[in-house]
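Written out below as structure tokens is the structure these notes cover.
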Amino acid sequence: MNIILSTTLPDALPVVIGLFDGEKTPGHSLEKPFQDTIALHLKEKTFLAKSGEHLLTHVVMQEGHLVPTLLFGFGKKETLSENQSRVLGAQCLKSCRSFKKKELGVVLPKKIGKMLQNFVEGMVLANFDPATFKTGEEKKKKEQEEMTAIHLIGPSWTADFEEHLKKAMTVGAVVNEVRTLVNTPPDQLDIQGFVNEAKKIAHEQGLAFTDFDRKKLEKMGMGGILAVNRGSDQGAHMVVLEHLPNRNEAPIVLVGKGIIFDTGGISLKPSGSLHEMHIDMAGGAVVLGVMKLIKMLNIKKNIVAIVPITDNAIGSKSYRPSEIVKSYSGKTIEVLNTDAEGRMILCDALWYAAKKYKPKYLIDLATLTGSCIVALGYRTAGLFGNDAKLLATIKDSAKRTDEAVCELPITDADEKSMIGRVADLQNMATGHVYAGPSRGAAFLKNFVNGSKWAHIDIAGTSYSKDPKDYEINSATGFGVRLLVDFFEKLK
Ligand code: BES
Ligand code: ZN
Ligand code: ZN
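At position 336 of the sequence shown (counting the first as 1) the number is 316 in this note's numbering, and the numbers step up by one without a gap.
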């Protein structure tokens, strides 16, 4: 979707007019018929400009033709928050679908100021439809629903404003691309396909790119990734994207879980929601999305992304419970459950990150545990780590972006529960089944080698069954906006 800044209303397009509760005009000079219509509705109290209120009407122009017009309420100016602006953008875009037009003119209240950025972000995020595999009439209908251009009308636009809007559009578009990647099933996006996506992003953005294929992983002794990959008919990979503009500055390293499809392996998952397990590369897709944005948003920090990529397939070669795996760190792991594969691939990627880059911060994103959904639902990710400042900065970004996180503990008991009976570690705790997200995090902690580290469990938030206004029952791209804000705000 394109956003075009303009000073006049384009002809022959429906128009949205946004108003604050208690104000009589958006504050821009509008043609008289629009002003009269607004005044009449306010007088008759058929439109009160309450937050999210919308009224579809027609304005009779002087020449006699009708302009379909949506009056859209912003509520009280004093109470409009940045997060609410994003929600309003989404609600507004959805209301506009009834116009059945692909382009719109939008006049927003002048006093919306900086909130406009979040409003536009909400519009872009709401303009997303996951039904990409429809054909025929249904496909046409879907295409018709998608908005292609919004003409934002104002008396003048400062360069500052243009910059903010461009940012909202860029970030929104990349979040939508990440959502598409996550939504794509494993037959359409296999291991090699995902590696190719990473490579494409690196090349387009001029980032250094390294692809460790199965042979290289074998040479390096990445036993965790290789064990999970054994049942697969494609070799495992670990891709590394580097943005290192500053000499002698330790980078922030992002690690994302890249499981193309998680059957559970020999510890096979029940079939109920198995079809959703194509989302298990969401962590990887999110960190790739962040790398795509780094140069576009002119972020000057040293940042590296590492994504271990395989599927967790079931077959005669699959790794089995009871096997002993030697991880890249040298630590041995007893496999008690092949469905706890995320930690098996992350342990090697984290150790590589810690050893090779000695990062300022190490942050991993992973759809790690189903129990994180039990604990926090679909709107809040689990946050773990070992550095108070890092966690506080992530929490601040979470608030600003409305990508909520809740810090959960890693207790001594959690750490003890991951110590192996016959090996250094076991990949699943025994004894009781509770505190799953903390125990998963406790396992990972063994591989950060003292780095300042945060682990974000996005099992619930990456694929929503409780969508916000700007989401839909599908992949959310959770984490892209959070991490971009984190990099921008980090001192
Ligand atoms: N990919 C799953 C976690 C998951 C579940 C993500 C549902 C999104 C939605 C992960 O690999 C997994 O299966 N974890 C196990 C760990 C357990 C065996 C210790 C789980 O959560 O049951
Ligand atoms: Zn699993
Ligand atoms: Zn998994």
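Where is the CB? At the ideal position from N, CA and C, for every residue including glycine.
By the 10 Å Cβ neighbour count, where 16 or more other Cβ atoms means buried, how is residue i classified, buried or exposed?
i, result
"H38", "exposed"
"N(-18)", "exposed"
"E126", "exposed"
"D(-9)", "exposed"
"P231", "buried"
"D213", "exposed"
"Y450", "buried"
"D394", "buried"
"T391", "exposed"
"H183", "exposed"
"N292", "buried"
"D446", "exposed"
"Q406", "buried"
"L396", "Note that residue 396 is Lys in the sequence shown, not Leu. With fewer than 16 other Cβ atoms within 10 Å, it is exposed."
"M103", "buried"
"K4", "exposed"
"V40", "exposed"
"T49", "buried"
"R461", "buried"
"Y443", "buried"
For residue i, which of the options has the nearest alpha-carbon?
i, options, result
"Q124", "T164, V158, N107, H34", "N107"
"G457", "C72, D260, L73", "D260"
"L51", "E24, R77, Q64, V87", "V87"
"K91", "F0, V67, S444", "F0"
"K81", "K122, I133, A355", "K122"
"V220", "N226, A207, F189, E24", "F189"
"A320", "A178, S351, E101", "S351"
"M324", "R210, R227, P166, G440", "R210"
"L472", "D242, L(-15), L388", "No answer is possible for residue 472: the residues shown for the chain start at -19 and end at 471."
"I436", "P447, N228, A378, I452", "A378"
"A355", "S418, G186, A285", "S418"
"T381", "D16, Q97, G93, L36", "Q97"
"V315", "I130, L145, E117, G400", "G400"
"M95", "F54, T410, T115, H131", "F54"
"I181", "S65, N163, E157", "E157"
"H472", "K237, P89, D328", "Since the first residue of the chain shown is -19 and the last is 471, residue 472 is not available in this structure."
"A455", "R66, K425, T160", "T160"
"I18", "K119, L36, S31", "L36"
"G32", "I(-3), M276, G186, K119", "I(-3)"
"G416", "I353, L273, E43", "I353"
"I294", "L326, G269, G245", "G245"
"E256", "H45, G69, V267, N453", "N453"
"G173", "A153, G215, Q185", "G215"
Confirm the yes/no value for this check: CB of residue i, any heavy atom of ligand 2, distance under 7 Å.
i, result
"A320", "yes"
"G244", "yes"
Quick check: does the Cβ of residue i come within less than 7 Å of any heavy atom belonging to ligand 3?
i, result
"D291", "no"
"D260", "yes"
Would you say the beta carbon of residue i comes nearer than 7 Å to a heavy atom of ligand 1?
i, result
"A378", "no"
"I353", "yes"
"T349", "yes"
"N209", "no"
"G238", "no"
"I85", "Per the sequence presented here, residue 85 reads as Gly, with Ile not at that position. No, the Cβ of G85 stays beyond 7 Å of every heavy atom of ligand 1."
"A422", "no"
"A265", "no"
"M202", "no"
"G173", "no"
"G416", "yes"
"A182", "no"
"A455", "no"
"A329", "no"
"N63", "no"
"M408", "yes"
"N317", "yes"
"A70", "no"
*Does the count of Cβ pairs from the segment 180 to 193 and the segment 295 to 314 closer than 8 Å reach three?*
no
*Looking at C-beta atoms only, is the number of pairs between the segment 359 to 379 and the segment 250 to 258 that lie closer than 8 Å three or more?*
Too few Cβ pairs lie closer than 8 Å, so no.
*asked:* Between the segment 110 to 120 and the segment 65 to 77, can you find at least three pairs of beta-carbon atoms closer than 8 Å?
replied: no
*Below 8 Å, can you find three or more Cβ-Cβ pairs linking the segment 425 to 435 to the segment 327 to 346?*
yes
_Tell me whether the segment 197 to 208 and the segment 303 to 315 touch, counting them as touching only if at least three CB pairs, one residue from each stretch, are closer than 8 Å._
yes
*Three or more beta-carbon pairs under 8 Å between the segment 277 to 296 and the segment 458 to 467, yes or no?*
The segment 277 to 296 makes contact with the segment 458 to 467; the number of CB pairs closer than 8 Å reaches 3 or more.
*Determine, using beta-carbon pairs with one atom in the segment 126 to 141 and one in the segment 257 to 275, whether at least three such pairs fall under 8 Å.*
Below 8 Å, too few C-beta pairs join the segment 126 to 141 and the segment 257 to 275 to call them touching: fewer than three.
*the segment 22 to 36 contacting the segment 142 to 155, beta-carbon criterion three pairs below 8 Å*: no
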